[in-house]
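Chains A and B are the protein sequences, given in the same order.
Just so we're aligned, residue 26 is where the first sequence starts under our numbering, counting upward by one.
Just so we're aligned, residue 26 is where the second sequence starts under our numbering, counting upward by one.
Beneath this line is the structure, given in structure tokens, with notes to follow.
Protein chains: 2
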Amino acid sequence: MASDVRGRLAIQPGDHVKLSDLPADATPGFDGKKSQAVREVADMGRELAGLQERLYAAASEGDRRRVVVVLQGMDTAGKGGTVKHVISHLNPAGCRIRAFKAPSEEEKRQHFLWRIDNGLPQAGEIGIFDRSHYEDVLVVRVHDLVPESVWSRRYKQINHWERMLADDGVTWIKVFLHISRGEQRKRLLRRLDRPDKHWKFSANDVRERALWPDYRTAYTTVLERCSTEAAPWYVVPADHKWYRNWAVSHLLLEHLRDLDPRYPPGTFDPKQARAALLRT
Amino acid sequence: MASDVRGRLAIQPGDHVKLSDLPADATPGFDGKKSQAVREVADMGRELAGLQERLYAAASEGDRRRVVVVLQGMDTAGKGGTVKHVISHLNPAGCRIRAFKAPSEEEKRQHFLWRIDNGLPQAGEIGIFDRSHYEDVLVVRVHDLVPESVWSRRYKQINHWERMLADDGVTWIKVFLHISRGEQRKRLLRRLDRPDKHWKFSANDVRERALWPDYRTAYTTVLERCSTEAAPWYVVPADHKWYRNWAVSHLLLEHLRDLDPRYPPGTFDPKQARAALLRT
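In structure tokens, the structure reads:
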């Protein structure tokens, strides 16, 4: 298994990002065949499940650590597919999965991070965000939903908030699923070909696709301004679904291995407990 | 695969329940070997995942249907294990899993169904409750946490509330995981033997175990008074973990097959959409 995929995919603070220079069909850190990647995802899944149980167990004795995986990307980039194929290896009871769609009227009356805060995982849990607070500098910026004077301040606000949470025990794994414009067209056309996929398609998808260059600009700003030491972005080439699953599994695995959570010792005397139990 | 496991495990309204007459190591509806049960759970998992996707898709066009699986049982009965081995076959993005522990101070200041209401799945989702509102007539009754005049009214309140939700599209699958007192002792002792299981053990487990007869009485009342047409209880013998997983998978499968959710037709003209897409 490759090591330090994290290092190869991370954007460093201060990096200049040019998405067109990053091929969406590349497979950094992996040079085998698809079938091997699929096998490795299953293997990593087993190791991930074990690490997750230890993370969860540690929280029972006060370990505050938790993980947030942020999934962002253009329509069809595979946010849902990543949850289905990567996160499904984990114990669902320890996952907190939230899909952030357009905010409700109630949510709009709060500051933009309020609803995200509400969806955060607890100590010991792994949170998975299908879209996130970054929509407030992506779709919001592209569609002028608030004035520039408002959204342009959000990058720093996000950095400060993510930093505060990192200080409190949150490990951020922010993943940009990078697909090419041609691959998006193929995927949208496939949805039209299959009646059982029609529910995933809306006429709006075509309108959003026309704004591709604007989204590219907005994403580039996000990657450049919000890749901090506490919470870097990872650019995962996602034209190949199997590579995407492999890379996200790897990112999660490398971070959890580093956290190295431990089963807490019991707060009781096992001998005494056994004696008490045998009396019942 | 067996059919109508549901009918064999359900408590009917008006049934007299005597748990001691129901062997906890029985395997109603299944007469094969453990290995066959394990294979069938995996097969059912694939069918469940397909049905779940259709349920989720249907909600995108206004189908309000959703499912709530309630898991109750004595300590070590396998509530967590059921989530891990049965629910893990589903797409985690469509599941809403809640573990209801002792209520917080904030929750205590609301009526007892308030926090459960807050945890309900949305249309298209499958909710899984590890413990539930039934704790308010179980642990609450056994430990006299509120006066009898209060808890004794709750059975009817629960029935009315579950009925209202059933009318609104909720399918209830209420599962009592039925283990024997001897099996619980074995499982608690095993937790003491394994340091990596110590975090699951607390001295309180022994004290609760001593109240076994009181819990039996409280559960019997629940099964008798809250098995309604809209929301019957299912008693799943749970001394064999493999049977427990098989039976819960079966219950879920039979209910979802009955719901028979359908992919909604698109709300657009595929030809026009294709033409628009090819222009981008």
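All residues carry an ideal CB built from backbone N, CA and C; glycine is no exception.
**Message:** Please confirm whether asparagine 116 of chain B has its beta-carbon closer than 7 Å to some beta-carbon of chain A.
**Reply:** The residue labelled residue 116 of chain B in the question sits at position 91 within the second sequence. Closer than 7 Å to some Cβ of chain A, the Cβ of asparagine 116 of chain B qualifies, so yes.
**Asked** Rounded to a whole number of angstroms, what is the C-alpha to C-alpha distance between tryptophan 186 of chain A and alanine 243 of chain A?
**Response** As a working mapping, residue 186 of chain A is identified with position 161 in the first sequence. As a working mapping, residue 243 of chain A is identified with position 218 in the first sequence. Their backbone Cα atoms lie some 20 Å apart in a straight line.
**Request:** Measure the Cβ-Cβ separation of alanine 272 of chain A and tryptophan 197 of chain A and say whether it is below 7 Å.
**Result:** For the purposes of this step, residue 272 of chain A is identified with residue 247 of the first sequence, where counting begins at 1. For the purposes of this step, residue 197 of chain A is identified with residue 172 of the first sequence, where counting begins at 1. Cβ distance not < 7 Å, so alanine 272 of chain A and tryptophan 197 of chain A don't count as in contact.
**Message:** In the DSSP assignment, the beta strand (DSSP E) including aspartate 155 of chain B goes from what residue to what residue?
**Reply:** Taking the first residue of the second sequence as position 1, residue 155 of chain B is located at position 130. Secondary structure note for aspartate 155 of chain B: its beta strand (DSSP E) is the uninterrupted segment 151-155.
**Item:** alanine 62 of chain A to tyrosine 268 of chain A span [Cα, whole Å]
**Value:** The residue given as residue 62 of chain A occupies position 37 in the first sequence. The residue given as residue 268 of chain A occupies position 243 in the first sequence. Whole-angstrom Cα-Cα distance: 7 Å.
**Item:** Assigned secondary structure, isoleucine 198 of chain B (DSSP; H/G/I helix, E/B strand, else coil)
**Value:** Counting from one through the second sequence, the residue named residue 198 of chain B turns up at place 173. The DSSP-derived three-state label of isoleucine 198 of chain B is strand.
**Message:** So, for leucine 163 of chain B: in the same chain, excluding its five sequence neighbours on each side, which residues have a beta-carbon less than 8 Å away from its beta-carbon?
**Reply:** Taking the first residue of the second sequence as 1, we reach residue 163 of chain B at position 138. In its chain, beyond the 5 residues on either side, Gln97, Tyr240, Ala243, Tyr244 and Val247 have a beta carbon closer than 8 Å to the beta carbon of leucine 163 of chain B.
**Request:** Might you give, ordered along the chain, the residues of its own chain that have their beta carbon closer than 7 Å to the beta carbon of valine 167 of chain B, omitting 5 neighbours on each side?
**Result:** To locate residue 167 of chain B, count along the second sequence from 1; it is residue 142. Result list for valine 167 of chain B: Leu236, Asp239, Tyr240 and Ala243, in chain order.
**Asked** Is the region 273-280 of chain B in contact with the region 203-213 of chain A, if contact means three or more CB pairs nearer than 8 Å?
**Response** At 8 Å Cβ cutoff, the stretches do not touch.
**Prompt:** Can you tell me where the beta strand (DSSP E) with glycine 98 of chain A in it begins and where it stops?
**Reply:** Working through the first sequence from its first residue, we reach residue 98 of chain A at position 73. Residues 91-98.
**Asked** Per the contact definition of three or more C-beta pairs closer than 8 Å, is the region 286-302 of chain B in contact with the region 216-234 of chain B?
**Response** Counting Cβ pairs under 8 Å, fewer than three are found: no touch.
**Message:** For lysine 59 of chain A and glutamate 65 of chain A, I'd like the C-alpha separation in whole angstroms.
**Reply:** Residue numbering aside, residue 59 of chain A sits at position 34 when the first sequence is read from its first letter. Residue numbering aside, residue 65 of chain A sits at position 40 when the first sequence is read from its first letter. Looking at the two C-alpha atoms, the distance is approximately 10 Å.
**Asked** Near aspartate 264 of chain B, which residues of its chain fall below 7 Å by C-beta distance, leaving aside the five closest residues on each side in sequence?
**Response** Along the second sequence, one-based indexing puts residue 264 of chain B at 239. Excluding residues up to 5 positions away in sequence, Ala49, Asp50, Ile204, Ser205 and Glu208 lie with their Cβ nearer than 7 Å to the Cβ of aspartate 264 of chain B in the same chain.
**Asked** Are any of the Cβ atoms in chain B nearer than 7 Å to that of tyrosine 240 of chain A?
**Response** Taking the first residue of the first sequence as position 1, residue 240 of chain A is located at position 215. For tyrosine 240 of chain A, not one C-beta of chain B is nearer than 7 Å to its own C-beta.
**Request:** Could you tell me if asparagine 116 of chain A is buried or exposed, where buried requires 16 or more neighbouring beta carbons within 10 angstroms of its beta carbon?
**Result:** The residue you call residue 116 of chain A lines up with position 91 of the first sequence. Result: buried.
**Item:** Presumed contact (8 Å Cβ cut-off) between glycine 183 of chain B and isoleucine 153 of chain B, rounded CB distance
**Value:** Along the second sequence, read from residue 1 onward, the residue named residue 183 of chain B stands at position 158. Along the second sequence, read from residue 1 onward, the residue named residue 153 of chain B stands at position 128. Looking at the sequence provided, one finds isoleucine at residue 183 of chain B rather than glycine. Between isoleucine 153 of chain B and isoleucine 183 of chain B the Cβ distance is about 18 Å, and since that is not below 8 Å, they are no contact.
**Prompt:** What's the call for glutamine 77 of chain A, buried or exposed, on a 16-neighbour Cβ count within 10 Å?
**Reply:** Here residue 77 of chain A corresponds to residue number 52 of the first sequence, with the count starting at 1. Glutamine 77 of chain A comes out buried.
**Request:** Answer with yes or no whether the minimum CB distance from serine 60 of chain B to chain A is below 7 Å.
**Result:** Start at 1 with the first residue of the second sequence, and residue 60 of chain B comes out as number 35. Closer than 7 Å: no.
**Asked** Which whole-angstrom value describes the C-beta separation of glutamate 254 of chain B and proline 38 of chain B, a residue pair presumed to lie in contact below a C-beta threshold of 8 Å?
**Response** Position 229 of the second sequence, counted from the start, is the residue given in the question as residue 254 of chain B. Position 13 of the second sequence, counted from the start, is the residue given in the question as residue 38 of chain B. About 6 Å separates the two Cβ atoms, so the contact holds.
**Prompt:** Using a Cβ-Cβ cut-off of 7 Å (strictly less than) and excluding sequence neighbours within five positions of glutamate 233 of chain B, which residues of its own chain qualify?
**Reply:** For the purposes of this step, residue 233 of chain B is identified with residue 208 of the second sequence, where counting begins at 1. Correct list, in chain order: Asp100.
**Request:** Compile a chain-ordered list of the residues in the region 98-126 of chain B whose CB is closer than 8 Å to at least one CB of chain A.
**Result:** Taking 8 Å as the Cβ-Cβ cut-off against chain A, the residues of the region 98-126 of chain B that qualify are Gly105, Val108, Lys109, Ile112, Ser113, Leu115, Asn116, Pro117, Ala118, Cys120, Ile122 and Ala124.
**Request:** Please name the residue, chosen from A/Phe125, A/Val30 and A/Glu86, that lies closest to valine 160 of chain A on a Cα-to-Cα basis.
**Result:** What you label residue 160 of chain A is simply residue 135 of the first sequence in a count that begins at 1. Checking the displayed sequence, the identity of residue 160 of chain A turns out to be glutamate instead of valine. The candidate whose alpha carbon is nearest that of glutamate 160 of chain A is A/Phe125.
**Message:** For methionine 189 of chain B and histidine 158 of chain B, what's the separation of their Cα atoms in angstroms?
**Reply:** Here residue 189 of chain B refers to the residue found at position 164 of the second sequence. Here residue 158 of chain B refers to the residue found at position 133 of the second sequence. Rounded to the nearest angstrom, the two C-alpha atoms are 15 Å apart.
**Message:** Quick check on this structure: which residue in B/Glu249, B/Thr107, B/Gly194 and B/Thr52 has the alpha carbon closest to the alpha carbon of alanine 84 of chain B?
**Reply:** Within the second sequence, residue 84 of chain B is the residue found at index 59, counting from 1. Check the Cα spacing between alanine 84 of chain B and each of B/Glu249, B/Thr107, B/Gly194 and B/Thr52: the tightest is with B/Gly194.
**Asked** Ends of the beta strand (DSSP E) at arginine 121 of chain A?
**Response** By one-based count along the first sequence, residue 121 of chain A stands at place 96. Counting along the chain, the beta strand (DSSP E) containing arginine 121 of chain A begins and ends at 120-124.
**Request:** Using the Cα positions of arginine 91 of chain A and arginine 79 of chain A, report the straight-line distance between them to the nearest angstrom.
**Result:** On the first sequence, residue 91 of chain A is found 66 positions in, with the first residue counted as 1. On the first sequence, residue 79 of chain A is found 54 positions in, with the first residue counted as 1. Cα-Cα distance, rounded: 11 Å.
**Request:** Could you tell me whether the Cβ of serine 45 of chain B comes closer than 7 Å to any Cβ of chain E?
**Result:** You won't find chain E in this structure, because its protein chains are A and B.
**Item:** Where alanine 148 of chain B meets chain A, residues with beta-carbon distance less than 8 Å
**Value:** On the second sequence, position 123 is the one that residue 148 of chain B refers to. The premise fails here: alanine 148 of chain B is roughly 13 Å from chain A at the closest Cβ pair, so nothing lies under 8 Å.
**Asked** So, does the CB of valine 200 of chain B fall closer than 7 Å to a CB anywhere in chain A?
**Response** Residue mapping note: residue 200 of chain B aligns to position 175 of the second sequence, counting from 1. Using a Cβ-Cβ cut-off of 7 Å, valine 200 of chain B does not count as an interface residue toward chain A, since no Cβ of chain A sits closer than that to its own.
**Request:** Would you grab the beta carbon distance between aspartate 88 of chain B and proline 286 of chain B for me? Rounded to a whole angstrom, and I think it's under 8 Å.
**Result:** Your numbering for residue 88 of chain B matches position 63 in the second sequence. Your numbering for residue 286 of chain B matches position 261 in the second sequence. Going by Cβ atoms, the distance from aspartate 88 of chain B to proline 286 of chain B rounds to 7 Å, so yes, they are a contact pair.
**Prompt:** List, in order along the chain, the chain B residues whose C-beta lies closer than 9 Å to that of arginine 210 of chain A?
**Reply:** Within the first sequence, the letter at position 185 stands for residue 210 of chain A. At a C-beta separation below 9 Å, arginine 210 of chain A has these neighbours in chain B: Leu302, Leu303 and Thr305.
**Prompt:** In this structure, does DSSP put proline 238 of chain A in helix, strand or coil?
**Reply:** Stepping through the first sequence from its first residue, residue 238 of chain A is reached at position 213. Helix, per DSSP.
**Message:** List, in chain order, every chain B residue whose beta-carbon is nearer than 7 Å to that of serine 85 of chain A.
**Reply:** As a first step, residue 85 of chain A is located in the first sequence; it is residue number 60 there, counting from the start. Around serine 85 of chain A, the beta-carbon contacts reaching into chain B at under 7 Å are Trp224.
**Prompt:** Does DSSP put tyrosine 259 of chain A in a helix, in a strand, or in coil?
**Reply:** By 1-based counting over the first sequence, the position of residue 259 of chain A is 234. The answer is strand: DSSP assigns tyrosine 259 of chain A an E or B state.
**Cβ of arginine 91 of chain B within 7 Å of any chain A Cβ** = Stepping through the second sequence from its first residue, residue 91 of chain B is reached at position 66. No, arginine 91 of chain B does not count as interfacial toward chain A.
**Asked** Along chain A, in chain order, which residues have C-beta atoms closer than 8 Å to that of tyrosine 244 of chain B?
**Response** Here residue 244 of chain B is taken as the residue at index 219 of the second sequence, counted from 1. Going along chain A, no residue has its Cβ under 8 Å from tyrosine 244 of chain B, so there is no contact; the nearest lies around 18 Å.
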